[in-house]
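K.L.:
Following this message is one structure expressed as structure tokens.
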Amino acid sequence: MRGAEKGFTLVEVVTALMVLSVILAVGIPIMTEVREQQHLQAQRMQAVLLLERHMEELQIRPFPLPQEGSTREQVDGTRFDVRWKQKRAGSRLAGTQVEVQWQDRRDQTQQLRLRALQYMP
Numbered sequence: 345m346r347g348a349e350k351g352f353t354l355v356e357v358v359t360a361l362m363v364l365s366v367i368l369a370v371g372i373p374i375m376t377e378v379r380e381q382q383h384l385q386a387q388r389m390q391a392v393l394l395l396e397r398h399m400e401e402l403q404i405r406p407f408p409l410p411q412e413g414s415t416r417e418q419v420d421g422t423r424f425d426v427r428w429k430q431k432r433a434g435s436r437l438a439g440t441q442v443e444v445q446w447q448d449r450r451d452q453t454q455q456l457r458l459r460a461l462q463y464m465p
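According to this note's numbering, the sequence shown is numbered sequentially starting from 345.
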């Protein structure tokens, strides 16, 4: 090779392309999994917010016990099924349970549940 020639040889270009393809082959599935986990965490956060909101609403309002119900809410393209149940847990205690279910992107059912006891004067 002469000193005045500039550029890359064919071997250098092929080697660089092979290294890049290996990095992409490993990196793309990892990024896909990270995005799936991030989406699932966002759905869980929405479910927790729904749980807390419904629990607060149930504990604030004086309802005759026992009671139960359900509702369906759509948040950011995800349908959440919310069910609740209240019943006496003693002479002066009321037990409340709120449950949220939804389907994730992989069509797996996800579920969160919140339980609480409340003093009834």
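Don't be surprised by glycine CBs; every beta carbon is placed ideally from N, CA and C. Keep in mind the model is a prediction, meaning the values are calculated, not measured.
Have a look at Gln462, Met464, Gln454, Pro465 and flag the residue whose alpha-carbon is nearest the alpha-carbon of Met389.
P.N.:
Of the candidates Gln462, Met464, Gln454, Pro465, the one whose C-alpha sits nearest the C-alpha of Met389 is Gln454.
K.L.:
Could you tell me whether the segment 397 to 412 touches the segment 434 to 445, where touching means 3 or more Cβ pairs closer than 8 Å?
P.N.:
Segments in contact, yes.
K.L.:
By Cβ distance below 6 Å, which residues in the same chain neighbour Thr353 in space, the five residues on each side in sequence not counted?
P.N.:
Closer than 6 Å at Cβ, skipping near neighbours: no residue.
K.L.:
Who are the Cβ neighbours of Leu402 in its own chain at under 8 Å, not counting the five residues just before and after it?
P.N.:
The residues are Trp428, Gln430, Thr440, Val442.
K.L.:
Any idea what DSSP makes of Glu412, helix, strand or coil?
P.N.:
If DSSP states are grouped into helix, strand and coil, Glu412 belongs with the strands.
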